[in-house]
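Trainee: Numbering (this note's numbering), first residue to last: 3 to 566. Heads up, the beta-carbon is just placed ideally off N, CA and C, and yes, glycines get one too. Please find one structure pasted underneath; my questions will follow.
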């Protein structure tokens with residue numbers, strides 16, 4: 003230790019005696035940390051001791067700050083354990099990704115709620131990172147839990163993975179400390195202006211530094227709704243897509259906190275709350291029901307404009323987590339549990355698919371298992387069969403079963419899933435495959451959704467081909483039986499209208515790649531090969547510029563339909 007060197011010990015009172023909790027090289031930082039310890043409900047006292055080396059080599063100690071208080075008996079903050087394997091992070095950048103921040107929010111929930119911080123604020127603020135690492139053994143416990151899950155089933159020792167995580171967090175902490183000493187701009191109402199100003203300070207690190215500035219601005223907001231309100235106002239005022247997406251990362255963090263009840267307002271049941279979360283994610287929420295109407299109205303507008311992809315992911319994930327939970331869907335009236343389940347199931351049905359795909363299939367099955375008497379593998383098998391029967395038509399059943407193969411259920415129940423697929427082979431025409439009440443377009447989209455879910459599933463290749471070919475055959479038969487192609491290509495219409503209708507039909511996504519789509523494409527090729535097609539196509543368009551525009555537009559349609 004060099005002559006005159008000072009360091010500062012921060013001690014807290016535990017069980018009537020002083021215990022060193024941390025140390026700092028600067029007096030101001032030590033005093034700030036002591037104040038933060040005192041802000042904890044369970045802290046009985048904090049003090050700062052300055053250590054200085056004299057010329058004779060002896061150390062002088064001086065208490066430069068001390069304060070005691072009555073401990074308020076707050077409950078001990080602990081990590082929330084999880085069961086699923088967490089995302090693997092190799093670099094500091096990985097920690098800032100959505101799935102990693104969602105993990106931080108879940109595992110560190112009690113701590114983040116106690117200090118009113120989002121994961122983004124935490125990762126961009128040196129003092130908050132240091133405070134977390136100084137808080138008892140919370141941080142090491144979280145790292146140990148994550149590391150143990152990540153190395154399960156591998157040859158890597160958990161201790162090695164823990165050290166890797168500690169090293170990455172140290173890099174993140176050092177980066178935040180360096181940013182603390184930069185002359186950063188103030189937060190503008192338009193975040194794109196903050197980004198531009200930060201680029202003049204940090205060049206390639208402008209995004210990171212802009213987020214540091216944003217984190218500082220959010221620190222003044224001590225409740226979730228205030229943070230959400232500030233972020234939504236900034237997002238609505240912004241025209242720069244990049245800036246909105248960066249704001250979206252923090253909005254997603256806030257929506258991952260314990261703010262949902264305030265956002266949604268009172269709901270009669272968990273099932274109603276799940277549906278409300280999904281409605282909000284789609285920008286279709288009845289905002290008058292919220293406890294924060296003005297803020298949630300802005301949020302709903304942003305969702306409706308597809309401006310918040312990360313936040314939408316978080317909202318749907320929260321809804322699925324609740325659906326998977328053991329909490330009753332209708333606690334006040336158990337007799338309505340099945341009815342509420344069916345309402346949630348119906349809400350998950352969207353044009354051409356099942357909202358959230360494999361995640362929803364897994365959640366529906368886990369919830370469905372609570373309606374069967376058997377337990378274990380027998381109960382899960384029964385739940386799979388019952389869920390198929392609860393769906394509105396065989397096409398939805400295929401979607402559900404195909405998506406379920408992309409979950410852990412397939413490890414033990416792939417044979418049961420394949421057996422349930424017999425439901426599709428009994429459907430020979432589209433009215434048997436899809437709900438008759440649906441429009442022709444919706445029926446084709448639903449059948450196509452079942453086809454696509456099948457081809458992207460983890461089903462055995464031979465089963466996958468059989469199911470997909472059968473659905474394609476049903477669609478081909480539908481086009482023939484209903485004269486769909488002939489109606490689009492009616493000879494009573496101008497050739498331009500016929501060609502545009504056919505090409506739009508092929509590019510609309512209502513048919514999968516296969517026999518049905520090829521039938522429509524062949525008709526288009528026949529039209530294009532007619533003598534003097536371009537001349538006939540432009541008949542009735544006298545203006546040369548308009549004619550050129552019409553041809554360019556048609557060529558663009560051909561490209562979109564995969565025909566050029």
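On the CB-based measure, 16 or more other CB atoms within 10 Å of its CB, does residue 226 come out buried or exposed?
Mentor: Classification for residue 226: buried.
Trainee: Buried or exposed: residue 323, going by 16 or more other Cβ atoms within 10 Å of its Cβ?
Mentor: Counting Cβ neighbours within 10 Å, residue 323 comes out exposed, since fewer than 16 surround it.
Trainee: Got a sec? Which residues, its chain only, sit under 6 Å from residue 204 by beta carbon, not counting five neighbours each side?
Mentor: So the list reads 211, once near-sequence residues are dropped.
Trainee: Can you tell me the Cα-Cα spacing of residue 330 and residue 8, whole angstroms?
Mentor: If I take the Cα positions, the gap works out to 59 Å.
Trainee: So the candidates are 125, 42, 107 and 396; which of them puts its Cα closest to the Cα of residue 428?
Mentor: It is 396 whose Cα lies nearest to the Cα of residue 428.
Trainee: On the premise that residue 109 lies in contact with residue 144, defined as a C-beta separation below 8 Å, what is that separation, rounded to the nearest angstrom?
Mentor: That belief holds up - the Cβ atoms of residue 144 and residue 109 are roughly 5 Å apart, short of 8 Å.
Trainee: With distances taken from CA atoms, which of 352, 404 and 373 is nearest residue 363?
Mentor: Out of 352, 404 and 373, 404 has the C-alpha closest to the C-alpha of residue 363.
Trainee: In this structure, how does DSSP classify residue 486 when only helix, strand and coil are distinguished?
Mentor: If DSSP states are grouped into helix, strand and coil, residue 486 belongs with the helices.
Trainee: Since residue 551 sits in a beta bridge, which residues does DSSP pair it with?
Mentor: Paired residues: none, contrary to the question.
Trainee: Let me make sure I understand the geometry here. Which of 315, 276, 294 and 314 has the alpha-carbon closest to that of residue 326?
Mentor: Checked all of 315, 276, 294 and 314; the closest Cα to residue 326 is 276.
Trainee: Would you mind stating whether residue 229 and residue 256 have Cβ atoms separated by less than 8 Å?
Mentor: Contact: yes.
Trainee: Is the beta carbon of residue 90 less than 8 Å from the beta carbon of residue 158?
Mentor: For residue 90 and residue 158, no; Cβs fall outside 8 Å.
Trainee: Assign residue 454 to one of two classes, buried (16 or more other C-beta atoms within 10 Å of its C-beta) or exposed (fewer than that).
Mentor: Buried: at least 16 other Cβ atoms inside 10 Å.
Trainee: Which class does residue 174 belong to by DSSP, given the choice of helix, strand or coil?
Mentor: DSSP places residue 174 in helix when its eight states are reduced to three.
Trainee: Within its chain, find whatever has a CB closer than 6 Å to the CB of residue 2; leave out the 5 residues flanking it on each side and keep chain order.
Mentor: The requested residue 2 does not occur in the structure, where the chain is confined to residues 3 to 566.
Trainee: Excluding five sequence neighbours on each side, which residues of the same chain lie with their C-beta closer than 8 Å to the C-beta of residue 508?
Mentor: Closer than 8 Å at the Cβ level, and outside the excluded window around residue 508, lie 519, 522, 523, 526, 563, 564 and 565.
Trainee: May I ask you to list the residues that DSSP assigns as paired with residue 68?
Mentor: Its beta-bridge partners are 49.
Trainee: Return helix, strand or coil for residue 16, following the three-state DSSP convention.
Mentor: Here residue 16 sits in strand by DSSP.
Trainee: I'd like the span of the alpha helix (DSSP H) that includes residue 532, first residue to last.
Mentor: Where residue 532 is concerned, there is no enclosing alpha helix (DSSP H), given that its DSSP letter is neither H nor E.
Trainee: Terminal residues of the continuous alpha helix (DSSP H) containing residue 143?
Mentor: Per DSSP, residue 143 belongs to the alpha helix (DSSP H) from 140-153.
Trainee: For the pair the segment 489-506 and the segment 409-427, tell me if three or more CB-CB distances fall below 8 Å.
Mentor: No contact exists between the segment 489-506 and the segment 409-427.
Trainee: In whole angstroms, what separates the C-alpha of residue 139 from that of residue 146?
Mentor: The alpha-carbon atoms of residue 139 and residue 146 are separated by roughly 11 Å.
Trainee: If I follow the unbroken alpha helix (DSSP H) through residue 226, where does it start and stop?
Mentor: Run containing residue 226: 226-238, per the alpha helix (DSSP H) assignment.
Trainee: Judging by CA-CA distance, which residue of 120, 201, 297 and 238 is the nearest neighbour of residue 186?
Mentor: Minimum Cα distance to residue 186 is reached at 201.
Trainee: Cβ of residue 248 within 8 Å of Cβ of residue 232?
Mentor: No. Outside cutoff.
Trainee: Using 8 Å as the cut-off, can you tell me whether the segment 257-268 makes contact with the segment 288-295, which would need three or more C-beta pairs spanning the two stretches below that distance?
Mentor: These segments touch.
Trainee: Go ahead and pull the three-state DSSP assignment for residue 22.
Mentor: Three-state result, residue 22: strand.
Trainee: Can you look up residue 279 in the DSSP assignment and give me helix, strand or coil?
Mentor: Three-state result, residue 279: helix.
Trainee: So does the segment 430-447 actually touch the segment 462-480, counting three or more Cβ pairs closer than 8 Å?
Mentor: Result yes; three or more Cβ-Cβ pairs closer than 8 Å.
Trainee: Which residue marks the beginning of the alpha helix (DSSP H) containing residue 262, and which one marks its end?
Mentor: Per DSSP, residue 262 belongs to the alpha helix (DSSP H) from 262-266.
Trainee: Compute the beta-carbon to beta-carbon distance between residue 214 and residue 315, rounded to the nearest angstrom, for a pair I have assumed lies under 8 Å.
Mentor: Not a contact, Cβ separation roughly 24 Å.
Trainee: In the segment 353-383, which residue ranges form an unbroken alpha helix (DSSP H) of at least 4 residues, counting only runs that do not cross its ends?
Mentor: Fully enclosed alpha helix (DSSP H) runs of 4 or longer: 359-370.
Trainee: For the candidate residues 176, 148 and 399, whose alpha-carbon lies nearest to that of residue 160?
Mentor: With distances taken between Cα atoms, residue 160 lies closest to 148.
Trainee: Pick out the complete beta strand (DSSP E) segments inside the segment 456-521, 3 residues or longer, and give them in chain order.
Mentor: Fully enclosed beta strand (DSSP E) runs of 3 or longer: not present.
Trainee: What does residue 10 pair with, by DSSP beta-bridge criteria?
Mentor: Its beta-bridge partners are 26 and 52.
Trainee: DSSP beta-bridge partners for residue 351?
Mentor: Residue 351 pairs with 356.
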